[in-house]
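Number of protein chains: 4
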Amino acid sequence: MDPITAMLETVLEEVRPLGSGAPAAYIPELASADVGLLAFGVVGPRGRVFTVGDEDATFTIQSMSKPFVLALALENLGREEVLARVGAEPSGEPFNAISLEAHTGRPANPMVNAGAIATTALIPGADIDDRTGRIVAMMSAFAGRSLWIDESVYASESSTGERNRALAHLLKSYGIVTGSVDDAVESYFRQCSVLVTVRDLAVMAATLAFGGVNPVTGSRVVSERVARDVTSIMASCGMYDFSGEWLLRVGLPAKSGVSGGVIAVAPSQFGVAGFSPRLDVHGNSVRASAFMEIVSDRFGIHLLEPHESVAAPGVSVIETPEGPLVRLGGELGFAGAERVLSLLREITAAAPHASLITVDASELARLHPAAVMVLRTEVESLSPRVRLLV
Amino acid sequence: MDPITAMLETVLEEVRPLGSGAPAAYIPELASADVGLLAFGVVGPRGRVFTVGDEDATFTIQSMSKPFVLALALENLGREEVLARVGAEPSGEPFNAISLEAHTGRPANPMVNAGAIATTALIPGADIDDRTGRIVAMMSAFAGRSLWIDESVYASESSTGERNRALAHLLKSYGIVTGSVDDAVESYFRQCSVLVTVRDLAVMAATLAFGGVNPVTGSRVVSERVARDVTSIMASCGMYDFSGEWLLRVGLPAKSGVSGGVIAVAPSQFGVAGFSPRLDVHGNSVRASAFMEIVSDRFGIHLLEPHESVAAPGVSVIETPEGPLVRLGGELGFAGAERVLSLLREITAAAPHASLITVDASELARLHPAAVMVLRTEVESLSPRVRLLV
Amino acid sequence: MDPITAMLETVLEEVRPLGSGAPAAYIPELASADVGLLAFGVVGPRGRVFTVGDEDATFTIQSMSKPFVLALALENLGREEVLARVGAEPSGEPFNAISLEAHTGRPANPMVNAGAIATTALIPGADIDDRTGRIVAMMSAFAGRSLWIDESVYASESSTGERNRALAHLLKSYGIVTGSVDDAVESYFRQCSVLVTVRDLAVMAATLAFGGVNPVTGSRVVSERVARDVTSIMASCGMYDFSGEWLLRVGLPAKSGVSGGVIAVAPSQFGVAGFSPRLDVHGNSVRASAFMEIVSDRFGIHLLEPHESVAAPGVSVIETPEGPLVRLGGELGFAGAERVLSLLREITAAAPHASLITVDASELARLHPAAVMVLRTEVESLSPRVRLLV
Amino acid sequence: MDPITAMLETVLEEVRPLGSGAPAAYIPELASADVGLLAFGVVGPRGRVFTVGDEDATFTIQSMSKPFVLALALENLGREEVLARVGAEPSGEPFNAISLEAHTGRPANPMVNAGAIATTALIPGADIDDRTGRIVAMMSAFAGRSLWIDESVYASESSTGERNRALAHLLKSYGIVTGSVDDAVESYFRQCSVLVTVRDLAVMAATLAFGGVNPVTGSRVVSERVARDVTSIMASCGMYDFSGEWLLRVGLPAKSGVSGGVIAVAPSQFGVAGFSPRLDVHGNSVRASAFMEIVSDRFGIHLLEPHESVAAPGVSVIETPEGPLVRLGGELGFAGAERVLSLLREITAAAPHASLITVDASELARLHPAAVMVLRTEVESLSPRVRLLV
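Chains as they are written, first to last, in our numbering: chain P, 6 to 395; chain A, 6 to 395; chain L, 6 to 395; chain F, 6 to 395.
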């Protein structure tokens, strides 16, 4: 067994005994879920998938569809047009709260039901099937395989979804939803009823983690900016009225669904997904949440964890016949550029007068704009002997 | 002029024309502020300070004191004891809202007034002076110089602070504040009345950015964990009811004060501070906010921006008489370890049979636990000829 | 001109100059109302109708339908069954607020939209037409003539009524509405679109004032208990978030409608109605409200005005050959019975020994139970010579 | 035993078995109340006092002080000046809710704590003792004996009253309370700690019932208008978030206190008071509330019960040598005047030509202005032979 799988297995056994919570009860399909099911998946930058537990269990995506439909809306309409209809503000309220901005009726954010319905209503489509088709196609691109809708869950959602219908009519009354209320809400019920496994979810999360490129298929699904916007909103609003404490404790943009799934995004590192049907009072899976907190801690991937790399890029100095060749690797940010400059001053001072000093920044994985500016201006001014390759 | 200062000057002139908003009016000292004042400061990892504009202007720290008093409380009591008295959840409500959890009376978070008063009340102290002394000492350590209180502002705050007194009595009624209400609220008024410049604030923010070590003085002020916790809470709750949209647009943990100051933290990169007295409807400085958004964009330092470095560490391969020496630089995370392994497989396959392959991870700025695990298990299993130096 | 009409004319001219407010704007039919229209009507116990101003102007009944549909529900189902679905508590909130009881979803009261829709949904009916038929029949009985629906207003209400649809779906989600949401909400729109004049409204109000008997037709429309319950709820909740101040200033159970109508009930005295399209911030007609306040004051009919009659019944003593005949008139309550007893003691003491004292309570308009008890027990115990005729 | 006492005893035994609820627990003096205590009192127009049960039990008046302090404020300042500082609107919220009007900070009404503190702060006084002295003097006038403060309860209230202190500071922050916050809140605690018996409370309620005249002492305590205003506000707001349902079920202006007392006012009929320490979820005494509901029903004194007397005054016709003498008794309202006119038409038609018809309205207990107008205009126009004595 590879070490990552082994580590995931270890954490899975740590969280398996957690027995609190209960599955969602509002439709039979969720109420009758096997509460013993437990599965986790991680997908890294090369698209390698690690799964443990009941990895073949399928379940409906529910609210975890929200980030992906938001991504579709942002891709189609742009950030400002989407924000005109739905905010980006955590509401401090439960998932089904009627959190609409006074006077405008704009829902607080796209991660609560009101905001998700408003977002779905923004997706163009001649009718429900057309709109749902676009949504499922986008989710499938994120997952790297064709996903489909569980029609019996959809039927149950639709037959019990009066509160969501109420929200949709309220949004219509404010002009936030402009087309058919029924189309919007039925599309929403359909997107929630898409069937997934933890593997699918981990790939979907990884696609957000790697700037919108699916690491399994290698396809760009959405732009880097859209991926950043979606994860930003997941960071502040994804875990309902536990979002702030989640950011404190776990530190990863995440989204939970009432089916017991949770996805989380470690930017540039991996996507992770968990599944276990019992929910806590916030509507988040008890065991999947615990898993995420442990993984964040063990992997050291909390968003606010210092990233030394940015400040300390890889630098190797190779003596060549011409003079020292300074090769920069990794990522060079503002802080790193300062350190590089400091090092170059020493090298320049120490180098024989005739030697040429070459700074090779062409291999950098990422070069921050501020760092470029510092390098361009200062490196070449150090001495006429210093040459910068970008 | 150095390029960073030049860039800051450019942005300063871009935001200077913004004329909306008004200074806070509830005390004469704020109402009479010179609305033309405009200053910004940035402090990087080596403690170099860049300031532009009215860098000598002094003003009271106001709500920007909250993260630092929170840091003091966390340092003294630990995270769980603090969270028992004050939450970490954005409230979706204005700064002075009475956002207390039903039944428990726990304030939503330490960045709104109710939560800040609860936090201040947690700081031990025989009396107001003793508690205020500890608070000002902590702030001074963050700033790298002795700060002091503007007594006339304090007197004004105290004489008009009935709403804050109300919050404190409410907290007392729930047992959140356990000692003297007057002591708590007067200490809070005093901490808000500490005088600062943008230079001070930028150093304070930088100390959070560099994991609790003041980059100017080199002293550790709080533990890395406390710095991470404080910036996490700033990320979700620091900009009042604009916190979510701020995280989307600017992507930096931040805190604003009613005097017109804003601090923001780019983890491992720099601390930044701005000052301009006119406030928007959320109580955040109009021009300082605009400045931060531009800087975040130009510097590419949004928290959710992909950090390629983590996935793509610096790798240099040097041929030595013994065989190839693979030197890793920068930061090695889980994603990067996968890439390194992939490269090592190629090198191992290509290397002459007798040669020894050395992987030098000892120069890495940061090695994530998951990466260590992958390297330890897999590197040495590639071939008996591969040797890992950590 | 009769003196009542003259008085009404006087008050009409007093309120005519009031120019503040604006007609409701959400549908064209209301927005285009002639704001100069002004009419008032009063109906007394004998069914005599006094009207002044634009007495022939017709307008839609809107929310003034609520008390009458409540009466129908109470008559059909009884008080407790109705209260299980809708409360009787003023909400302190505007007419269209989403004031539902936590957990149960019970609307605050039947006078706000949510509660009115819940009430309408309680009216049995095979379909919308059947239910609407019952409702219009009940309103017609209250008005003493056949009322009918303005179909163009109904069409407008229905096409813009998304907020009310939202409320209905929300009620359905809580199980407060159990049947078809569409049927409930369309029935509600239809009941709001019934056309009336101030004459109709005054008769309808008078029917409530006289315990459920229409004073014009002489028919009992609802039971005395139902009339009392309806006026009780109008007293506490009828004028939206001005209900408390209305009870203080005007002191009459009342209900306003967005078309500019107001009805008020002076129990056992008269029903009164006003019409003037401009509304204040609470959604109550500016000039009709002012009219009611003046009338209440001039007529001395504030509910909390002391009613001396109850304490001081009409008593006449007639000397007959047999002895004194004490005839009681008016209404005899607990307080009055005390006074009667006191008088009887004097008469008994003063009357010649042989004389018989007869107390004739048979002409009393109303005899309170407590008074009966006092009289029965005490009157005959005064002396064997005293005889009580009840 | 008199019949009234007997009836009260009967009802007392009916409610004695009610075992639900619990006494208030926030201070030892209330928590340790003997929950078996049960007492009721009724006071009629002549000041006769009927009490049953533990009539000597003393307890603190608590929130039942609110109507009387409101009366004092209204008497001193007038209605409009009081309303500028505190509303008259039921809030739909619990007694200690922070129900302040947005922007103005005006408390919803004087019957919730915030509004009561604002009202107390309006009472002039050089210091706490001076203000408390005026308040206790007013309460004593209502009770007809000197009341005094239980200092140990006051001390407990003061030491635990942080929530009320919070409300007072909040009111100060809005400028609703203008003087010393401490003075206002301590005065409020003192007024709540006045000791009473059900006898006292029944007399106090009766003083409101009889238009501000204490029926025991015969002294006018406040004006009739003030008594009406106070009972109006009790009618809409007196029983916290049960006020609307109380008006529906009991139909009497009332006020409850956390000590277990309830007072209710039957205008022109009697004052009634109950005492039993166990409270329901609204903070109203379980057994005292049940008692009031039964008494209202048995005595037929619901405010919205039709008062036939007003429509049907006492009329007696006595043949005199001059002609018929029509004597009117009781109360003559608008509706009654119509009936009298109708009768006079018949008498006039039937009377011999030479006879003089005298209408004697001089004995009426109350003559409504509208009735005066009708009589003056129409009676004398019937025939020159008709003469009106008013």
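Yeah, the Cβ is synthetic: ideal placement off N, Cα and C, and Gly gets one too.
Quick caveat: nothing in here was measured; it's all calculated off a predicted structure.
Distance check for residue 356 of chain L and residue 51 of chain L, CA to CA, integer angstroms please.
Between residue 51 of chain L and residue 356 of chain L, the C-alpha separation is close to 41 angstroms.
I need the straight-line Cα distance from residue 266 of chain P to residue 68 of chain P, nearest angstrom please.
Approximately 9 angstroms between the Cα atoms of the pair.
Going by DSSP, what residue range makes up the alpha helix (DSSP H) through residue 9 of chain P?
From DSSP, the alpha helix (DSSP H) with residue 9 of chain P extends over 8-20.
Any chance you could list the beta strand (DSSP E) runs of at least 3 consecutive residues sitting entirely within the stretch 181-219 of chain F, in chain order?
Those beta strand (DSSP E) runs which fall completely within the stretch 181-219 of chain F and span 3+ residues do not exist here.
Flag residue 209 of chain P as yes if its beta-carbon sits less than 9 angstroms from any beta-carbon of chain A, otherwise no.
No, because no Cβ of chain A sits closer than 9 angstroms to the Cβ of residue 209 of chain P.
Would you call the stretch 156-169 of chain F in contact with the stretch 110-117 of chain F, where contact means no fewer than 3 C-beta pairs closer than 8 angstroms?
No, because fewer than three Cβ pairs between the stretch 156-169 of chain F and the stretch 110-117 of chain F fall closer than 8 angstroms, the two stretches do not touch.
Label residue 66 of chain A either buried or exposed according to how many other C-beta atoms from any shown protein chain fall within 10 Å of its C-beta, with 16 as the threshold for buried.
That one is buried.
Among the residues of its own chain, which have a CB less than 7 angstroms from the CB of residue 101 of chain L, if the five just before and after it don't count?
Same-chain partners within the cutoff: 118, 168.
Using the Cβ count rule (16 or more neighbours within 10 Å means buried), how would you classify residue 258 of chain P?
Buried: at least 16 other Cβ atoms inside 10 Å.
Name, going along the chain, the residues of the stretch 380-392 of chain P whose beta-carbon falls closer than 7 angstroms to a beta-carbon of chain A.
Listed by position along the chain: 382, 383.
On a Cα-Cα basis, can you pick out the residue from P:35, P:7, P:8, P:12 that is closest to residue 301 of chain P?
Nearest C-alpha to residue 301 of chain P: P:12.
Mind checking who residue 140 of chain L pairs with in its DSSP beta bridge?
According to DSSP, which records beta bridges pairwise, residue 140 of chain L is partnered with nothing at all.
Give the C-beta separation of residue 207 of chain L and residue 276 of chain L to the nearest angstrom, bearing in mind that I take them to be a contact with Cβ-Cβ under 8 angstroms.
Correct: roughly 5 angstroms between the Cβ atoms.
State the start and end residues of the unbroken beta strand (DSSP E) segment that holds residue 261 of chain P.
Taken as a continuous stretch (DSSP letters only), the beta strand (DSSP E) holding residue 261 of chain P covers 259-261.
Bridge partners of residue 27 of chain A, per DSSP?
In DSSP, residue 27 of chain A forms a bridge with A:284.
Is it buried or exposed for residue 56 of chain A, if we count other Cβ within 10 angstroms and need 16 for buried?
Flag for residue 56 of chain A reads buried.
So, with DSSP's three-state summary, where would you put residue 321 of chain F?
Reduced to three states, the DSSP call for residue 321 of chain F is strand.
Under 7 angstroms Cβ-Cβ, which residues of chain A neighbour residue 252 of chain P?
237, 240, 241, listed in chain order.
In its own chain, which residues sit with a C-beta less than 8 angstroms from the C-beta of residue 128 of chain L, not counting the 5 before and 5 after it?
Cβ within range, chain order: 74, 77, 78, 81, 136, 139, 140, 192.
Residue 331 of chain F and residue 352 of chain F look like a contact to me (Cβ under 8 angstroms); what is the Cβ gap, rounded to whole Å?
Confirmed, Cβ separation roughly 7 angstroms.
I'd like the list of long-range same chain contacts for residue 173 of chain P, defined as Cβ closer than 7 angstroms, with 5 residues on each side in sequence excluded.
The residues are 122, 182, 186, 189, 190.
What are the partner residues of residue 112 of chain L, as DSSP defines its beta bridges?
Paired residues: L:105.
Alpha carbon to alpha carbon, how far is residue 360 of chain F from residue 390 of chain F?
If I take the Cα positions, the gap works out to 7 angstroms.
Chain A beta carbons: is any one of them nearer than 9 angstroms to that of residue 343 of chain P?
It does; some Cβ of chain A falls within 9 angstroms.
Give me the residue from A:163, A:17, A:212 with the minimum Cα distance to residue 291 of chain A.
The option with the nearest alpha carbon to residue 291 of chain A is A:17.
Compare the C-alpha of residue 247 of chain F against each of F:41, F:60, F:96, F:70 and name the closest.
Selected option, being the one with the closest Cα: F:96.
Go ahead and label residue 33 of chain F buried or exposed: buried means 16 or more other beta carbons lie within 10 angstroms of its beta carbon, across all protein chains shown.
Exposed, by the Cβ-count rule.
Return the chain-ordered list of same chain residues with a C-beta closer than 6 angstroms to the C-beta of residue 38 of chain P, the five sequence neighbours on each side being excluded.
Correct list, in chain order: 28, 282.
Tell me the DSSP bridge mates of residue 271 of chain A?
Paired residue(s): A:275.
Would the stretch 204-220 of chain P count as touching the stretch 198-206 of chain L if we require 3 or more Cβ pairs under 8 angstroms?
Contact fails: fewer than three Cβ-Cβ distances are below 8 angstroms.
May I have the straight-line CA-CA distance separating residue 388 of chain A from residue 382 of chain A, to the nearest angstrom?
Answer to the nearest angstrom: the Cα atoms are 12 angstroms apart.
With DSSP as the reference, identify every bridge partner of residue 176 of chain F, one or two as the case may be.
In the DSSP output, where bridge partners are listed per residue, residue 176 of chain F has none listed.
With a CB to CB cut of under 8 angstroms and the five nearest residues on each side skipped, what residues in its chain are close to residue 130 of chain A?
These residues qualify, in order along the chain: 136, 137, 138, 139, 188, 192.
Between A:279, A:274, A:321, which lies nearest to residue 49 of chain A when the distance is taken from Cα to Cα?
Ranking the options by Cα distance to residue 49 of chain A, first place goes to A:274.
Applying a beta-carbon distance threshold of less than 8 angstroms, which residues of chain A neighbour residue 90 of chain F?
What residue 90 of chain F touches in chain A: nothing, since even the nearest Cβ is about 16 angstroms away.
Give me the Cα-Cα distance between residue 41 of chain L and residue 31 of chain L, rounded to the nearest whole angstrom.
Computed Cα separation, rounded: 19 angstroms.
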